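Following: one structure in structure tokens, then a few remarks.
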Amino acid sequence: MAHTTKIKVRGYHLDLYQHVNNARYLEFLEEARWTFFEERGDLGWFLQSGLALVVVNINIDYRRAATMGDELAVETTVKSVGNRSAVIHQCVKLAGTDKVVAEADVTFVVYDAKQDKAVQLEGQLKTLLEDLMEG
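According to the UniProt record's numbering, the sequence shown is numbered sequentially starting from 1.
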């Protein structure tokens, strides 16, 4: 089952046309990923590991406008886990409906600060991500 993070649209999220600015969705998606890992993953272990999940690609499809006062439900799932990267799928809906506002696939690699490079996705982290996969 997808993890859901709710976000209320505020005035400062809006652009000149009074709908959520496209760049704000990056922030909404990031907030939902942090909440996902806090609530479903072992964030404490991960933060202690010296590893970081570094976004290398985001593809967003915008479907409909969101406006001030809307409550958004950002559904987050791990879509796939490979040897060098993984993909998280996120779907932004108007809360309480099936109306899709935006969808995104976020590809990331594992960065090891000690080695100053992206490293193989393996061990406890790979197991954690695979356990978070839906399906």
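Where a beta carbon is used, it is the ideal one built from N, C-alpha and C, also for glycine. Just so you know, these numbers come straight off a predicted model, no measurement behind them.
If you reduce the DSSP assignment to three classes, tell me which class LEU94 lands in. Note: LEU94 maps to strand in three-state DSSP.
Please classify ALA23: does DSSP put it in a helix, a strand, or coil? ALA23: helix per DSSP, three-state reduction.
Could you tell me if VAL56 is buried or exposed, where buried requires 16 or more neighbouring beta carbons within 10 angstroms of its beta carbon? Looking at its Cβ environment, which holds fewer than 16 other Cβ atoms inside 10 Å, VAL56 is exposed.
Around the Cβ of GLU38, are there at least 16 other Cβ atoms within 10 angstroms (buried) or fewer (exposed)? Per the 10 Å Cβ criterion, exposed.
Assign TYR25 to buried or exposed, taking buried as 16 or more other Cβ atoms, counted over all protein chains shown, within 10 Å of its Cβ. Counting C-beta atoms within 10 angstroms of its own C-beta, TYR25 has 16 or more neighbours from the protein chains shown and is therefore classed as buried.
Where DSSP assigns a beta bridge to GLU75, which residues make up the other side? DSSP output for GLU75 lists THR4 and CYS91 as bridge partner(s).
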